[in-house]
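Below is one structure, written out as structure tokens, with a few remarks after it.
4 protein chains.
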Amino acid sequence: MTTEQRVRRAAVKLFADKGFHGTGIRDLAQEAGISSASLYHYMGTKEELLSGIMRECLDRLLLGARRATGGVADPRQRLVSLVALHVLAHALQPAETRVVDNEVHALSAATRRQIVALRDEYEQLWSAAIDDGIRRGGFTTPEPAVTRLALLEMCSGVARWYSPRGPVELDRLAGHYTGLALRMLGSADHECPAGLDTARKVLSDVWGKTL
Amino acid sequence: MTTEQRVRRAAVKLFADKGFHGTGIRDLAQEAGISSASLYHYMGTKEELLSGIMRECLDRLLLGARRATGGVADPRQRLVSLVALHVLAHALQPAETRVVDNEVHALSAATRRQIVALRDEYEQLWSAAIDDGIRRGGFTTPEPAVTRLALLEMCSGVARWYSPRGPVELDRLAGHYTGLALRMLGSADHECPAGLDTARKVLSDVWGKTL
Amino acid sequence: MTTEQRVRRAAVKLFADKGFHGTGIRDLAQEAGISSASLYHYMGTKEELLSGIMRECLDRLLLGARRATGGVADPRQRLVSLVALHVLAHALQPAETRVVDNEVHALSAATRRQIVALRDEYEQLWSAAIDDGIRRGGFTTPEPAVTRLALLEMCSGVARWYSPRGPVELDRLAGHYTGLALRMLGSADHECPAGLDTARKVLSDVWGKTL
Amino acid sequence: MTTEQRVRRAAVKLFADKGFHGTGIRDLAQEAGISSASLYHYMGTKEELLSGIMRECLDRLLLGARRATGGVADPRQRLVSLVALHVLAHALQPAETRVVDNEVHALSAATRRQIVALRDEYEQLWSAAIDDGIRRGGFTTPEPAVTRLALLEMCSGVARWYSPRGPVELDRLAGHYTGLALRMLGSADHECPAGLDTARKVLSDVWGKTL
DNA sequence: AATGAATGAGGATTCATTCAT
DNA sequence: CATGAATGAATCCTCATTCAT
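Chains as they are written, first to last, in the working numbering: chain A, 71 to 281; chain B, 71 to 281; chain C, 71 to 281; chain D, 71 to 281.
Listed below in structure tokens is the structure:
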């Protein structure tokens, strides 16, 4: 593992645990195993380190979501893939995703705009799947916008509590959440193996992780 | 409004917006409209200010949840009341609840234990309702513990996006979320007016707010 | 003497002796007799301290020069007053003026523009006196612009070597320099008591110093 | 051009523009077009780089002044040569001479002594010419010591404003300044072609520059 | 010869907190 | 009650310099 990776990893861990402002440059250095001056060989500003982490995480999520939904006609399948991918990403990389979810306020205005734009683009894929599903996929829900937010928050929450050492396996977790999502959307059928398969494949391609 | 309230309010706002570590004592003073030295007439430590906010918020939530569920036999009604109350509290006091949800890491170990204990006690009421509901209320869900967490995260998420200036009214919001919850729990019926009524009443009694 | 004055004085001394970049915030604090944190009760940035010193010094010089030349018809007298005032100011406040002369490079672009504008305005008074003197005051010099610069550098140099503990008294010093200036400008007469008197008066009015 | 020369040149430029303490080792490296580590193949300490520049510049000035005055009986001619040489050196090498004039404070005590000794030796030649000129060269000035300082500051100032892109040619500039000097010293005749010629010759011999 | 990597010391500035007034 | 003044400790970051490669 390169030193740069060690720095990145230290930052992800500490930013997730103690927050950006709660993490000192000395904490980062100690966690990375180098001096605080050496830190600056591998990063720009502390804030650039943060935004880099966020961008990478969101880029990957967006790429995965696009791969999982691109060319898929069935909105139910798209939605299931999105949910599964989101849940798996948050369960596998809880630190990264918590940083993305919680530390936006620490960004400068300019960078914040970029990050929020990425997130909006990502959520747009959810909106499309939900709206399509209502039109022609058997979804029934008043206030689809509210339901979308409820879904997203529910799935993102996984990063706040999931532990690989717990009793629930990842595959089962994803299946459970897709079931919840389909129920929330009033779908008659609560399963969609195709969507789950797609998510597994994308997870392997984009994150390099196999369940 | 007393100065103490002004300080409390300033802290809630800033801790919610910029995080505990991102908020300086001078920021607090400016927002409260007094000098940073005067601040210390109305608070102990900065951390005590934080824990006070959290405790009060959680105390109220716990009190409300107890009142809403105490003596209620039907687990479906209890669950609906809990969801509605949680959603309403988070929509009405988004700043307070975001502080509770996001700034636990800033607490000292001792205080954190107390706060987490309160939260656990609160979540215990949810667990009870769900477990009872599975046993004898028509709930069907594998992994009830996961479902509980999904529910809580979904409902807490309201504080992150709800705006009173948006198109959705509070009463409708609560109804929507209780519906989502009942769907997630596989309940045959997706409504429970009694549970909503209880929540409204408790909200008035404990929070002093009427919809 | 107020603490703010002590800070200002410390800065003037150290900036003059060791340069802006050669002076640390801790040096300033020590010289002012307070802690480096307390320093920030009495100043903004270190650079603002610098620009403040420069502005005040240049403001006074400009004010003095205007008072000494305003309404004076004879360009010879004006020039003599300017030289005398400049020399006296630099002899009496060598530290301040050396800061003005040597530390412009340490200013930010925006502030530098303001300071240079003040200096240009000041030098404009010299140009006017010299040009007028050539036209109708008996001055003869090729390249009046060069002569102006030579005069200014010669007079400013006083701040680099004059010591009140040396053998030359201030009044005599001013007289000597006005003589040199008139010679440089080819003036037939090398004295101009009126100009010197004006300078003495302005020095008393604007600087509050009497020879 | 060797790398060492490039380093030297970079240092001269940056020390002159931003001061010794305002110039970082990284600035030097960038300006020289090498890495900051490589810098240390061509220099000792940053301070040694500074003192080297000063010494070389002063050595050359001293050597030139000696050649220009050695064996010249007429103090008027000696003075004119000194003025011309000084002005030309400062106009041709404004950066070097500004470093010599402005950065003495950045030297360590020991090195400073050496540099100041060189400068004193150099100024001694001026003193001698002036004093001799008073005794038997037609110079008249009260306070010859003050006049010497005035002359030196006036001539050194050239480095602060002269631009080869300006309207005044070097030869003319030197002539103008020798004229000013002779006027300041009360010399009846304001020209001395022999002194100027000597200066030109020495400039060619010692600096390798032809006007 | 050249340089990435490394760092202890120090740069300016802000921190939360206390206290005399 | 209110606050200017004060500060030790900490903030992020850059410094000049060394060294293994």
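From the three backbone atoms N, C-alpha and C, an ideal C-beta is built for every residue, glycine too.
If you're wondering where the values come from, they're calculated on a predicted model, not measured in any experiment.
Interface with chain C (9 Å Cβ-Cβ cutoff): Lys-279 of chain D is excluded. Three or more pairs of CB atoms, one per stretch, sit closer than 8 Å, so the segment 216-231 of chain C contacts the segment 222-238 of chain D. For a cut-off of 8 Å, the C-beta gap from Leu-149 of chain D to Ala-269 of chain D is around 11 Å, too long to register as a contact.
Put simply, the CB of Ser-226 of chain C is near chain D, with a gap under 9 Å to one of its CB atoms.
Against chain D, the beta carbon of Asp-87 of chain C has neighbours under 7 Å at His-175, listed in chain order. One thing to note: Leu-266 of chain A has its Cβ no nearer than 9 Å to the Cβ of Ser-178 of chain A.
Contact between the segment 208-221 of chain C and the segment 237-250 of chain D is present: 3 or more CB-CB pairs across the two stretches fall below 8 Å. Remark: C-beta atoms of Ile-123 of chain D and Val-153 of chain D do not approach each other more closely than 9 Å. Arg-76 of chain C is positioned such that its CB atom lies closer than 9 Å to that of Ala-102 of chain C. In the three-state DSSP reduction, Tyr-112 of chain C falls in the coil class, being neither helix nor strand. For Met-71 of chain D, no alpha helix (DSSP H) run applies, since DSSP gives it neither H nor E. For the pair Thr-72 of chain C and Glu-117 of chain C, the CB atoms are not nearer than the 9 Å cut-off. Taking all protein chains in view, the Cβ of Gly-203 of chain A is crowded by 16 or more other Cβ atoms within 10 Å, so the residue is classified as buried.
For His-160 of chain A, there are no neighbours in chain B by C-beta distance under 7 Å, as the nearest C-beta there is about 10 Å away. Using a Cβ-Cβ distance cut-off of 8 Å, the segment 153-171 of chain B and the segment 229-239 of chain B are in contact, since at least three pairs of beta carbons, one from each stretch, lie closer than that value. For the 9 Å CB-CB criterion, Glu-193 of chain D and Val-238 of chain C do not form a contact. Using beta-carbon distances, Pro-145 of chain B does not count as an interface residue toward chain A, since no partner is under 9 Å. Going by C-alpha positions, Glu-191 of chain A is about 21 Å away from Asp-275 of chain A.
When only Cα atoms are considered, Gly-208 of chain B and Glu-261 of chain B end up about 13 Å apart. Using a Cβ distance threshold of 9 Å, Asp-129 of chain D and Leu-188 of chain D count as a contacting pair. The Cβ neighbour count for Ser-105 of chain C, taken over all protein chains shown within 10 Å, is under 16; the residue is labelled exposed. Using a 10 angstroms sphere on the CB of Glu-74 of chain A, the tally of other CB atoms stays under 16, which defines it as exposed.
Contact with chain B is absent for Ala-99 of chain A, since none of that chain's Cβ atoms lies less than 9 Å from the residue's Cβ.
In this structure, the CA atom of Gly-256 of chain D is about 26 Å from the CA atom of Val-272 of chain D.
Between the alpha carbons of Ala-264 of chain C and Ala-244 of chain C lies a distance of about 13 Å. The three-state reading of DSSP puts Lys-83 of chain D in helix, counting H, G and I together.
Scanning chain A for C-beta atoms nearer than 7 Å to the C-beta of Leu-219 of chain B yields Gly-227, Trp-231, reported in chain order.
What Tyr-247 of chain C touches in chain D, judged by beta-carbon distance under 9 Å, is Val-216, Ala-220, going in chain order. The DSSP-derived three-state label of Val-153 of chain D is helix.
Think of a sphere of 7 Å around the beta carbon of Pro-212 of chain C: the chain D residues whose beta carbon falls inside it are His-246, in chain order. Counting along the chain, no alpha helix (DSSP H) covers Ala-176 of chain B, and no H or E run does either. Restricting attention to D:Leu-120, D:Thr-210, D:Leu-132, D:Ser-108, the CA atom closest to the CA of Asp-259 of chain D is found in D:Thr-210. Secondary structure at Asp-190 of chain A: helix, using DSSP grouped into helix, strand and coil. Glu-213 of chain B carries a coil assignment under DSSP once its states are collapsed to helix, strand and coil. At a cut-off of 9 Å between beta-carbon atoms, Val-238 of chain B makes contact with chain A.
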